[in-house]
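> In the working numbering, the protein residues as written are -18 to 99.
All C-beta atoms in this analysis are idealised placements derived from N, C-alpha and C, irrespective of residue type, glycine included.
Attaching a single structure in structure tokens format; questions to follow.
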């Protein structure tokens, strides 16, 4: 009986260790840029956009829709082809981009979220 119990406990301990290792890997993965937008070569008509300071193949992130967007990036510029938006950085400072304008953003401060006004 003790041999069977020992095998069960050993198996449970191994499963728990594997589960913890997988959970740590999941937590360590970087957060997605944003789930509600897309990369493009330009800021498209009617969109709030942020240009990456070190761009991937496409340099403008185009937000889909209004309101709150979780967003992690070192920005270069913001363009509002329509609605104004606010960029909030990791240190809780922010920059506003007014409608129909383009402005420089803080390229040394990673963004935390963007709020597009409607």
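Counting only the same chain and skipping the five closest in sequence on each side, list residues whose C-beta sits under 6 Å from that of residue 32.
In the chain shown, the residue the question calls residue 32 occupies position 51. Here the set comprises 40, 41, 57 and 58.
> Between the segment 85 to 98 and the segment 62 to 71, do three or more beta carbon pairs fall short of 8 Å?
Yes, the segment 85 to 98 is in contact with the segment 62 to 71.
> Between which residues of its own chain and residue 22 is the CB-CB distance below 8 Å, once the five residues before and five after are set aside?
On the chain shown, residue 22 is found 41 positions in, with the first residue counted as 1. Correct list, in chain order: 39, 40 and 41.
> Within a Cβ cutoff of 6 Å, which residues of the same chain sit near residue 60, ignoring the five residues on either side of it in sequence?
Translated into positions along the chain shown, residue 60 becomes position 79. So the list reads 24, 30 and 83, once near-sequence residues are dropped.
> Can you check whether the CB of residue 55 is closer than 9 Å to the CB of residue 26?
Translated into positions along the chain shown, residue 26 becomes position 45. Translated into positions along the chain shown, residue 55 becomes position 74. No, these two residues do not count as a Cβ contact at 9 Å.
> Take the Cβ of residue 86 as the centre, count every other Cβ of all protein chains shown within 10 Å, and call the residue buried at 16 or more, exposed below.
Taking the chain shown and counting its residues from 1, the one referred to as residue 86 is at position 105. So residue 86 counts as buried.
> What first and last residue would you give for the beta strand (DSSP E) that runs through residue 61?
Locating residue 61 in the chain shown gives position 80, where the first residue counts as 1. Unbroken beta strand (DSSP E) run through residue 61: 56 to 61.
> Over what stretch of residues does the beta strand (DSSP E) that includes residue 27 continue unbroken?
Along the chain shown, one-based indexing puts residue 27 at 46. That residue, residue 27, is in no beta strand (DSSP E); it is neither H nor E in DSSP.
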